[in-house]
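Following: one structure in structure tokens, then a few remarks.
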Amino acid sequence: MYALLQPRIRQAEKTRERMTMALTGSSAGAAPSRRKSIEDFIREAGEDGNDERPKRPTLEQRLRQADLPLSRGQYWLACLGTGVIALGILKALTSQALPVIAILAAGAALLLPHLFVERRRNARFLQFTQEFPNAIDVVVRGVKSGLPLSDCLKIISAEAQEPVRSEFRKVVEDQTLGMTNEEVVQRLAVRVPLPEVRFFGIVIAIQSRTGGSLSEALGNLSRVLRDRKKMREKIKAMSSEAKTSAGIIAALPFGVAFFVYLTSPDYISLLFTTTLGNMVLLGCAVWMGIGVLVMRNMINFEI
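Everything in the sequence shown is counted per our numbering, starting at 13 for the first residue and increasing by one.
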């Protein structure tokens, strides 16, 4: 249990260290009073983040984060349609009893739309992460040239790539309603719950409360985010061989079963036509699922 929970235990400490490096660059050059204010604010933000971590986004939030124009009712209608289609396919392809087919169709109705939304959501977050450092560089150059932060955000909302452009357009709309810069970036962190956006919000909040050079702080943050991106790509390249091996191992039983069915269909059909064979298939599915999850956790690295 300690081995599983130890990364989460150290997450707040790592976040404070990264934010201190992003904000001050070198702690020796910061004034003691400002440094203490920054450390206190980061500690408070870390505690707030730890309190909010167990909360999962609602269905409406996940649909909005996935950029799907669906309401809750439309999503459940899509789940119902998926279940009906899965029921028809299973009934046409298998000769199982109707209750078994209904259970499998219900599982498909709940699982497949959820996986689709999560895939769209993760893909959109990945695009946002790749484009976000460029948006921060726009703010840095604009602040250095004398533009206010609000004008820099307007430039991003007009010229950045999607999905950064649409999210910052909402930031500009919030500013037109009278919200401060600290409030609009906090709302951005709620809409896009990524560490990079949370870092950006903390930098803006600290600068508005304690002062200092915003361009220098955001420049340090941009370098940190680009280093994180490089490290993520390096980890992806180094773990690609292990992921390929895991995929081959996971697909091997299905391939063997397929070729056995081609050569000796009567031999393997007992798994599908007898009760004992169905129980064996169920047990194999459970153990295969456990093995896939274990391999996924072994090769899935987060930074």
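All residues carry an ideal CB built from backbone N, CA and C; glycine is no exception.
Everything numeric in this text was worked out from a predicted model, so none of it was measured.
With H, G and I counted as helix, E and B as strand and the rest as coil, what does DSSP make of I302?
Numbered from its first residue, the sequence shown carries residue 302 at position 290. Note: I302 maps to helix in three-state DSSP.
Roughly how many angstroms separate the alpha carbons of T287 and S281, rounded to a whole number?
As a first step, residue 287 must be located in the sequence shown, where it is residue number 275. As a first step, residue 281 must be located in the sequence shown, where it is residue number 269. Approximately 12 angstroms between the Cα atoms of the pair.
Could you give the distance in angstroms between the alpha-carbon of M243 and the alpha-carbon of G259?
For the purposes of this step, residue 243 is taken as residue 231 along the sequence shown, with counting starting at 1. For the purposes of this step, residue 259 is taken as residue 247 along the sequence shown, with counting starting at 1. Roughly 23 angstroms between the two C-alpha positions.
Kindly indicate which residue of F212, G190, T188 and Q77 has the alpha-carbon position closest to the one of Q198.
Taking the sequence shown and counting its residues from 1, the one referred to as residue 198 is at position 186. Among F212, G190, T188 and Q77, the Cα nearest to that of Q198 is on F212.
On a Cα-Cα basis, can you pick out the residue from S83, N309 and N290 that is closest to T106?
For the purposes of this step, residue 106 is taken as residue 94 along the sequence shown, with counting starting at 1. The shortest Cα separation from T106 among S83, N309 and N290 belongs to N290.
Is it right to say S39 is buried, meaning 16 or more other beta carbons lie within 10 angstroms of its own, or is it exposed?
In the sequence shown, residue 39 corresponds to position 27, counting from 1. Since pLDDT at S39 reaches only 45, below the 50 mark, its modelled position is unreliable, and the value read off the structure follows with that caveat. Flag for S39 reads exposed.
Please determine if the region 89 to 98 and the region 115 to 127 are in contact, where contact requires at least 3 C-beta pairs separated by less than 8 angstroms.
Yes, the region 89 to 98 is in contact with the region 115 to 127.
Taking the alpha-carbon positions, what's the R181 to Q187 distance?
As a first step, residue 181 must be located in the sequence shown, where it is residue number 169. As a first step, residue 187 must be located in the sequence shown, where it is residue number 175. R181 and Q187: Cα-Cα distance of roughly 10 angstroms.
State yes or no: is the C-beta of L189 within less than 7 angstroms of the C-beta of V215?
Position 177 of the sequence shown, counted from the first residue, corresponds to residue 189. Position 203 of the sequence shown, counted from the first residue, corresponds to residue 215. No; because the gap between Cβ atoms is not below 7 angstroms, this pair is not in contact.
Mind checking if R136 is an interface residue toward chain C, Cβ cutoff 7 angstroms exclusive?
Any reference to chain C falls outside this structure, which holds one protein chain only.
Reducing DSSP to helix, strand and coil, say where P66 ends up.
Position 54 of the sequence shown, counting from 1, holds the residue named residue 66. The predicted model places P66 with a pLDDT of 46, which falls under 50 and marks its position as unreliable, so this point remains unresolved.
For K166, which residues of its own chain have a beta-carbon under 8 angstroms away from its beta-carbon, when the five flanking residues on both sides are left out?
By 1-based counting over the sequence shown, the position of residue 166 is 154. The answer, listed in chain order, is V184.
Since R131 contacts D79 with CB under 8 angstroms, what's their CB separation in whole angstroms?
By one-based count along the sequence shown, residue 131 stands at place 119. By one-based count along the sequence shown, residue 79 stands at place 67. Incorrect: roughly 12 angstroms between the Cβ atoms, too far for contact.
Which term fits R210, buried or exposed, when burial requires 16 or more other beta carbons within 10 angstroms of its beta carbon?
On the sequence shown, position 198 is the one that residue 210 refers to. R210 comes out buried.
Would you list, in sequence order, the uninterrupted alpha helix (DSSP H) runs of no fewer than 4 residues that lie entirely inside the region 202 to 229?
If we require 4 residues or more, the alpha helix (DSSP H) runs fully inside the region 202 to 229 come out as 207 to 222.
Using the three-state DSSP reduction, which class does P175 fall into: helix, strand or coil?
One-based indexing of the sequence shown puts residue 175 at position 163. It is coil, neither helix nor strand.
Can you tell me the Cβ-Cβ gap for I208 and V176, rounded? I've got them flagged as a contact below 8 angstroms.
Taking the sequence shown and counting its residues from 1, the one referred to as residue 208 is at position 196. Taking the sequence shown and counting its residues from 1, the one referred to as residue 176 is at position 164. Looking at the sequence itself, residue 208 is Glu, so the reference to Ile does not match. That belief does not hold up - the Cβ atoms of E208 and V176 are roughly 11 angstroms apart, past 8 angstroms.
Just to confirm the assignment, what range does the alpha helix (DSSP H) spanning S252 have?
On the sequence shown, residue 252 is found 240 positions in, with the first residue counted as 1. Residues S252 to T275.
Have a look at G158 and V151 and give me their C-alpha separation to the nearest angstrom.
Counting from one through the sequence shown, the residue named residue 158 turns up at place 146. Counting from one through the sequence shown, the residue named residue 151 turns up at place 139. For G158 and V151, the distance between alpha carbons rounds to 11 angstroms.
Identify, in the order they occur along the chain, each residue of the same chain with its Cβ nearer than 8 angstroms to the Cβ of D102, setting aside the five sequence neighbours on each side.
Numbered from 1 along the sequence shown, position 90 holds the residue referred to as residue 102. It is Leu, not Asp, that sits at residue 102 in the sequence shown. Within the same chain, L102 has close Cβ partners Q108, I113, L116 and A117.
Tell me the DSSP secondary structure of D149 in three-state form.
If you number the sequence shown from 1, residue 149 lands on position 137. DSSP places D149 in helix when its eight states are reduced to three.
Using only CA atoms, which one of V129, R153, A172 and K156 lies nearest to F5?
Outside the shown range of the chain (13 to 315) lies residue 5, about which nothing can therefore be said.
Determine the DSSP secondary structure at L82, reduced to helix, strand or coil.
Residue numbering aside, residue 82 sits at position 70 when the sequence shown is read from its first letter. Three-state result, L82: coil.
Can you give me the Cβ contacts of E272 inside the same chain, cut-off strictly under 6 angstroms, excluding the 5 residues immediately before and after it?
Along the sequence shown, one-based indexing puts residue 272 at 260. The sequence given here places Val at residue 272; Glu does not occur at that position. Answer for V272: I280, listed in chain order.
Mapping DSSP to helix, strand and coil, what is N312?
Within the sequence shown, the letter at position 300 stands for residue 312. Correct three-state label for N312: coil.
Mapping DSSP to helix, strand and coil, what is M243?
Locating residue 243 in the sequence shown gives position 231, counting from the first residue. Reduced to three states, the DSSP call for M243 is helix.
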